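>
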Amino acid sequence: MTENKLRGATPIEGEGLRGDGTPRWYVVHTYSGHENKVKINIERQVETRNMRNLILDIQVPTENVSKKNDKGEIATKVQKIYPGYIIIKMIITNESWYLVRNTQGVTGFVGNGSDPMPLSPEEVRRMGIEKVEAGFVKEGDTVKILKQPFEGHVGEVKEVDETTMTVKVAISMAGRETVLDGLTFDDIAYR
Numbered sequence: 000m001t002e003n004k005l006r007g008a009t010p011i012e013g014e015g016l017r018g019d020g021t022p023r024w025y026v027v028h029t030y031s032g033h034e035n036k037v038k039i040n041i042e043r044q045v046e047t048r049n050m051r052n053l054i055l056d057i058q059v060p061t062e063n064v065s066k067k068n069d070k071g072e073i074a075t076k077v078q079k080i081y082p083g084y085i086i087i088k089m090i091i092t093n094e095s096w097y098l099v100r101n102t103q104g105v106t107g108f109v110g111n112g113s114d115p116m117p118l119s120p121e122e123v124r125r126m127g128i129e130k131v132e133a134g135f136v137k138e139g140d141t142v143k144i145l146k147q148p149f150e151g152h153v154g155e156v157k158e159v160d161e162t163t164m165t166v167k168v169a170i171s172m173a174g175r176e177t178v179l180d181g182l183t184f185d186d187i188a189y190r
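Mapping the sequence shown onto numbering that gives the first Met the number 0, position 28 (from 1) lands on 27, and the numbers just tick up by one.
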């Protein structure tokens with residue numbers, strides 16, 4: 000058996016670019032405890048194959064956790080936020096997909112089989128991977144409200160405040176325009 004059959008699906012020859020050529024963040028599942036090894040192995044392959052233009056960033060999200068030990072001293076430890084996962088910013092092509100998917104310790108992309116699902120700008124912002132500009136929503140956009148008590152209403156974005164990362168949305172209630180102020184990006188979705 001060839002390595003391709005052992006490692007899973009392979010890209011269709013000649014397919015080339017899988018997405019629109021835009022770099023996006025993807026979640027890659029790894030063996031638990033192998034996240035840093037996988038990151039290093041992918042970075043080496045990217046350098047060797049000169050693919051820095053396709054695979055732009057690889058992160059193993061961590062946080063500092065402080066706990067008191069038996070002596071009452073505070074010890075700080077670095078802990079993985081998502082054990083068993085790494086986050087990669089890349090442009091999906093057959094070559095970049097194949098490189099990541101066939102790295103030792105990788106079990107696959109999060110998504111549907113050989114079709115990885117990118118993180119939304121809101122997910123990237125919430126995970127703290129990268130500062131997401133408010134530019135993904137702008138004045139005049141039509142959005143759906145996800146927050147109670149106005150859940151399900153559709154409205155128009157009237158104002159975006161990039162410093163507080165909030166928006167004002169005008170919805171129609173009982174034939175009158177009502178402006179909802181202070182909505183976060185978690186409270187809305189594109190219609």
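Ideal Cβ placement from N, Cα and C applies to all residues, glycine included.
Quick caveat: nothing in here was measured; it's all calculated off a predicted structure.
Is the CB-CB distance between LEU118 and MET89 below 9 Å?
No, they are not a contact pair.
> Taking 9 Å as the threshold (C-beta atoms), are VAL178 and LYS167 in contact?
Yes, these two residues count as a Cβ contact at 9 Å.
> Could you tell me which of GLY151, MET172, ALA173 and LYS146 sits nearest to GLY181, measuring between CA atoms?
GLY181 has its Cα closest to that of LYS146, out of GLY151, MET172, ALA173 and LYS146.
> ARG23: buried (16+ other C-beta within 10 angstroms of its C-beta) or exposed?
Buried, because 16 or more other Cβ atoms sit within 10 Å of the Cβ of ARG23.
> Can you grab the Cα-Cα spacing for the pair SER171 / GLU155, in whole Å?
Roughly 10 Å between the two C-alpha positions.
> Within the continuous alpha helix (DSSP H) that includes SER65, where are the two ends?
Run containing SER65: none in the alpha helix (DSSP H); it sits in the beta strand (DSSP E), 61-67.
> Determine the direct distance from the alpha carbon of ILE87 to that of GLN58, and round the result to whole angstroms.
If you take the alpha carbons of GLN58 and ILE87, they lie about 6 Å apart.
> Please go through the same chain and pick out, in chain order, the residues whose beta-carbon is closer than 8 Å to the beta-carbon of GLU14, but skip the five residues on each side of it.
Reliability of the predicted coordinates at GLU14 is poor, the pLDDT of 44 falling under 50, and no value is obtained from them.
> Three Cβ pairs or more, each shorter than 8 Å: is that satisfied between the stretch 24-39 and the stretch 104-113?
Contact between the stretch 24-39 and the stretch 104-113 is present, because at least three Cβ pairs lie under 8 Å.
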